[in-house]
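Here is the structure we will look at.
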Amino acid sequence: LHITHSTLSRGGSSGQHPHTATHQTHQAAAMESPKDKHRSKAIEINVPPDVIAGNGSSPDAPADFETAIAATGYGRFNYLLLLVAMPCCMTTVFETTTMSYVLPSAECDLNLTLADKGMLNAITYTGMITSAFLWGFLSDTYGRKRLLVVGFLLDSTFNVLCALSQNMVAIMVFKFMGGFVICGPFAVLMAYLSEFHSLQHRSRVMIVLGVFYSAANMLLPALAWLIIPQPWNLIIGDGVLEIHSWQIFLAVSCLPGVLSGISVMFLPESPKFLMSKGQNERALAIFRRLYAINTRDRQEFPIRVLVDELSPVSGPIVPASGKPTTHPSPAAVAAAAPSGLGEGFRQLGIMFRKPHLPNACLVYGIQFGILLGLNTFRLWVPQLFTIIEEFEHEQHLLPDGLASQATLCEMLAYKVNKTEQLQQQWLERDVSRALHGPDPVAMEPLDDVLMCTPTTEGRVYLYSLIIGCVGIGAYAVTTVMINSIGNRNILTYGLLLAGSCGTALYWARSSLVTLILSSCYITICSIASTALVGAVVAMFPTSMRTMVVSLTMMFGRTGSIIGNVVFPYLMALGCLPPFVMIGAIVIGKVMKHG
Numbered sequence: 222l223h224i225t226h227s228t229l230s231r232g233g234s235s236g237q238h239p240h241t242a243t244h245q246t247h248q249a250a251a252m253e254s255p256k257d258k259h260r261s262k263a264i265e266i267n268v269p270p271d272v273i274a275g276n277g278s279s280p281d282a283p284a285d286f287e288t289a290i291a292a293t294g295y296g297r298f299n300y301l302l303l304l305v306a307m308p309c310c311m312t313t314v315f316e317t318t319t320m321s322y323v324l325p326s327a328e329c330d331l332n333l334t335l336a337d338k339g340m341l342n343a344i345t346y347t348g349m350i351t352s353a354f355l356w357g358f359l360s361d362t363y364g365r366k367r368l369l370v371v372g373f374l375l376d377s378t379f380n381v382l383c384a385l386s387q388n389m390v391a392i393m394v395f396k397f398m399g400g401f402v403i404c405g406p407f408a409v410l411m412a413y414l415s416e417f418h419s420l421q422h423r424s425r426v427m428i429v430l431g432v433f434y435s436a437a438n439m440l441l442p443a444l445a446w447l448i449i450p451q452p453w454n455l456i457i458g459d460g461v462l463e464i465h466s467w468q469i470f471l472a473v474s475c476l477p478g479v480l481s482g483i484s485v486m487f488l489p490e491s492p493k494f495l496m497s498k499g500q501n502e503r504a505l506a507i508f509r510r511l512y513a514i515n516t517r518d519r520q521e522f523p524i525r526v527l528v529d530e531l532s533p534v535s536g537p538i539v540p541a542s543g544k545p546t547t548h549p550s551p552a553a554v555a556a557a558a559p560s561g562l563g564e565g566f567r568q569l570g571i572m573f574r575k576p577h578l579p580n581a582c583l584v585y586g587i588q589f590g591i592l593l594g595l596n597t598f599r600l601w602v603p604q605l606f607t608i609i610e611e612f613e614h615e616q617h618l619l620p621d622g623l624a625s626q627a628t629l630c631e632m633l634a635y636k637v638n639k640t641e642q643l644q645q646q647w648l649e650r651d652v653s654r655a656l657h658g659p660d661p662v663a664m665e666p667l668d669d670v671l672m673c674t675p676t677t678e679g680r681v682y683l684y685s686l687i688i689g690c691v692g693i694g695a696y697a698v699t700t701v702m703i704n705s706i707g708n709r710n711i712l713t714y715g716l717l718l719a720g721s722c723g724t725a726l727y728w729a730r731s732s733l734v735t736l737i738l739s740s741c742y743i744t745i746c747s748i749a750s751t752a753l754v755g756a757v758v759a760m761f762p763t764s765m766r767t768m769v770v771s772l773t774m775m776f777g778r779t780g781s782i783i784g785n786v787v788f789p790y791l792m793a794l795g796c797l798p799p800f801v802m803i804g805a806i807v808i809g810k811v812m813k814h815g
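In my numbering, each residue carries its 1-based index in the sequence shown increased by 221.
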């Protein structure tokens, strides 16, 4: 058997894999007669020299993105990228969560009602929904890096302006703009990170991101605990600008955004995006740079040419099988479509027809219910613990010990009544000032009626920190057991347990019981939401997954808005309605899912 190097062009018989050639030679030998088998016979097979060398593809053959990114390896650049991702994750978490820690302290300074607090919790999600589709278009048009830099720096700017705001309306405007802006980096960050990792490491990176988000949820209450209880009050310009400790907390919380924006400036653009725009030379230079940073010489990078994704037909690619293939590139397919907007409407049309319509409606409904309960309760947890601390602080002198026997419902009723009295007092004060002017003598009787004293007990932040720790531990266990448990079982039994914990809060009589039930509810709902997104991958074809996930998150954020706005009104109606809402909505989704 004589094997010679082929001089034929790629795409001919020379591209045959050696195993295939050997198999076909054996088949030919089997078809020979016994007499022929004794004859010496030379068979010439044309095989490329790169196949004999065991490379599987020629260095001069065009390589697709997955081949090129895998060739860069995994090393120092990837660790640096994950290091930069830490403040990025912190920024997205801080944007949606800081107000929940601010509201108990800002209540007196801003004269907030419970309804005002609900709107301040929800306004960020309103901004995120408004810009959801815009950022996807901008990311595909102007690139991942530019959007991340601009988004993080703009978000930090709006947070600083929010920290300087002196009334609720200004805070709502800047928090809305912050949500509008942060939606872009929030969505693009995962895509940007995944496009710098090969398939072998991509899923691991997503798990690391989940850990970063959980760590950010732990860091935020620790930061609030450090700053908000401090008696810091600054008056600038004869009372024109008053800065309190909670405003300093808002200003400090913008630092991760500034750090993220500056750090991403020094990172390269996504090579996947550059290839989709036909900028293969820039993409190849980035691949070589990654290869060099990962402890190698850039001149040794094995890829010389990248596939032209803008051509109607990509150049030949020699995969591991050694057989050249010619196929349309993803960008060429996209270019053949009428437009990005038209393709989006086409995917929507397919989604809202059978057989995908029932599954799509099911997924959207479940996510709506999960995040309605999760983000409503999660953002109200600091306020609930503040109410408990305030009640215990003000009622500890009761001779009959009623404070220790009070249920959470009785504590909430006390807070609602006190808030209504404060609102009436503030109204009377404003009327008195309008009639008599700022006369201290005239105002003295009103000031003595009821004092608004913000509660900044350290235990409130400690409880939130404990909930974050429970979440990290639960995610670690779930990551190990997810394959044996399955997404469906997590959704069914997890949501049933979470709904039971949410409803059981109605009978809670102490901070400890409230903490345990709250930890279970928030952690299980969070894991169930993640499992639902994972189930989408199995339920829908590849071409629809991105659109389905985007709409799933949009419906979830809509639930977050509705829940946070409705929750305080339910509290005013009585204790049972809010806990029935967060418990029944989750249990109802279990019944629907089942």
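We treat Cβ as the ideally placed atom computed from N, Cα and C, and that holds for glycine.
Between the C-alpha atoms of residue i and residue j, what's the straight-line distance to the nearest angstrom?
i	j	result
residue 553	residue 530	With a pLDDT of 44 at residue 553, under the threshold of 50, the modelled position of this residue cannot be trusted, and the question is left open.
residue 756	residue 583	12 Å
residue 427	residue 318	21 Å
residue 760	residue 716	20 Å
residue 470	residue 283	52 Å
residue 433	residue 413	16 Å
residue 374	residue 311	14 Å
residue 313	residue 742	22 Å
residue 482	residue 407	13 Å
residue 581	residue 594	20 Å
residue 297	residue 303	10 Å
residue 385	residue 571	47 Å
residue 365	residue 633	46 Å
residue 388	residue 489	41 Å
residue 301	residue 703	29 Å
residue 526	residue 520	14 Å
residue 473	residue 308	13 Å
residue 637	residue 453	28 Å
residue 579	residue 514	48 Å
residue 425	residue 505	25 Å
Answer with buried or exposed for residue i, where buried requires no fewer than 16 other C-beta atoms within 10 angstroms of its C-beta.
i	result
residue 611	buried
residue 777	buried
residue 575	exposed
residue 477	buried
residue 817	Lying outside 222 to 815, the shown extent of the chain, residue 817 is not represented and no answer is given.
residue 486	exposed
residue 690	exposed
residue 328	buried
residue 418	buried
residue 458	exposed
residue 465	buried
residue 769	buried
residue 376	buried
residue 800	buried
residue 733	exposed
residue 451	exposed
residue 306	buried
residue 735	buried
Quick one: what's residue i bridged to in DSSP?
i	result
residue 465	454
residue 527	284
Under 6 Å Cβ to Cβ from residue i, same chain only, skipping five residues before and after it: list those, please.
i	result
residue 322	445 and 603
residue 295	422
residue 346	778, 781 and 782
residue 816	The displayed coordinates of the chain run from 222 to 815. Any statement about residue 816 would go beyond what the structure contains.
residue 596	781
residue 371	none
residue 484	305
Please work out which residues of its chain come closer than 7 Å, Cβ to Cβ, to residue i, disregarding the five sequence neighbours upstream and downstream, and give them in chain order.
i	result
residue 686	439, 442 and 443
residue 353	404, 771 and 775
residue 338	324, 604 and 789
residue 382	395
Excluding the 5 residues flanking residue i on each side, which residues of the same chain have their C-beta closer than 8 Å to its C-beta?
i	result
residue 773	584, 585, 588, 753, 754 and 757
residue 738	722, 723, 725, 726 and 729
residue 591	716, 746, 749, 750, 753, 777, 780, 807 and 810
residue 359	368 and 405
So, under 8 Å CB-CB, residue i and residue j are touching, yes? Tell me the CB distance rounded to an integer number of Å.
i	j	result
residue 731	residue 688	About 16 Å; that fails the 8 Å criterion.
residue 744	residue 692	5 Å
residue 508	residue 492	6 Å
residue 335	residue 792	6 Å
residue 356	residue 409	7 Å
Does any C-beta atom of chain C lie closer than 9 Å to the C-beta of residue i?
i	result
residue 483	Of the protein chains in the structure, only one exists, and it is not chain C.
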